[in-house]
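Novice: Just so we're aligned: 48 in full-length UniProt numbering is position 48 of the sequence shown, and the numbers increase by one with no gaps anywhere.
Ideal Cβ placement from N, Cα and C applies to all residues, glycine included.
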Amino acid sequence: MDWTLHIEAEPNAEVLNRILEPLSAYNKMSVGPGNWEKWAVTVRDRENAIVGGSWGEIGYDFLKVELLALGRARNRSLGRRLMTLAEEAAVERGLRGIWLDTWTFQAPNFYRKLGFEECGRISDYPPGHDRIFFVKYLRAADRDRE
1 MDWTLHIEAE PNAEVLNRIL EPLSAYNKMS VGPGNWEKWA VTVRDRENAI VGGSWGEIGY
61 DFLKVELLAL GRARNRSLGR RLMTLAEEAA VERGLRGIWL DTWTFQAPNF YRKLGFEECG
121 RISDYPPGHD RIFFVKYLRA ADRDRE
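What follows is the structure in structure tokens.
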């Protein structure tokens with residue numbers, strides 16, 4: 001078979017799914033199903049309008065925080081409350097941990113104060129800043145393996 005390569009500048013969902021399907025099948029065969037599901041926590045004002053929140057995915061017994069953004073709701077301890085709620089839900093579900101990434105110009109100290117530990121870093125990305133990966137193990141047995 002002849003193969004050709006194409007750069008897809010703005011790939012649609014179908015293209016992304018076609019690329020993902022064989023990897024998902026391989027992963028499932030190698031380590032079992034990840035039981036992936038999406039999650040979100042919203043912050044709403046008095047009119048019930050969403051002013052911030054967080055979302056991510058749950059899979060392989062970990063909660064991944066994709067995004068936490070509070071906009072005008074910043075600096076009101078909502079970030080701490082939101083992450084505490086997410087952690088409590090993760091513990092209740094029996095998840096092993098939470099992981100996320102942030103940049104040095106965003107909130108690394110916020111996550112450190114919540115007990116997250118740095119587990120990786122990409123230097124000078126974007127230029128002048130680093131991207132930091134954090135993990136927080138929720139089970140004592142997982143924390144003790146470190």
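1. Evaluate the contact criterion for the segment 41-48 versus the segment 15-30: three or more CB pairs, one atom per stretch, below 8 Å.
2. I'd like the list of long-range same chain contacts for residue 100, defined as Cβ closer than 6 Å, with 5 residues on each side in sequence excluded.
3. Cβ atoms of residue 59 and residue 37: under 9 Å apart, would you say?
4. Below 8 Å CB to CB, which residues in the same chain sit around residue 28 once its five sequence neighbours on both sides are set aside?
5. Name the residue from 78, 69, 86 and 112 whose alpha carbon lies nearest to the alpha carbon of residue 63.
6. Compute the Euclidean distance between the alpha carbons of residue 91 and residue 75, then round it to the nearest angstrom.
7. Helix, strand or coil for residue 37 per DSSP?
8. Residues in the same chain with beta-carbon distance under 8 Å from residue 94, minus the five sequence neighbours each way, listed in chain order, please.
9. How is the alpha helix (DSSP H) around residue 111 delimited, first residue to last?
Specialist: With the structure as the only source:
1. No contact exists between the segment 41-48 and the segment 15-30.
2. Only 65 and 134 meet the Cβ criterion.
3. Yes, Cβ-Cβ distance for residue 37 and residue 59 is below 9 Å.
4. In chain order, 34 place their CB closer than 8 Å to the CB of residue 28, counting only its own chain and leaving out the 5 sequence neighbours on each side.
5. For residue 63, the nearest C-alpha among the options comes from 86.
6. Near 26 Å, if we compare the C-alpha coordinates of residue 75 and residue 91.
7. Correct three-state label for residue 37: strand.
8. These residues qualify, in order along the chain: 61.
9. Bounds of the alpha helix (DSSP H) holding residue 111 are 108-113.
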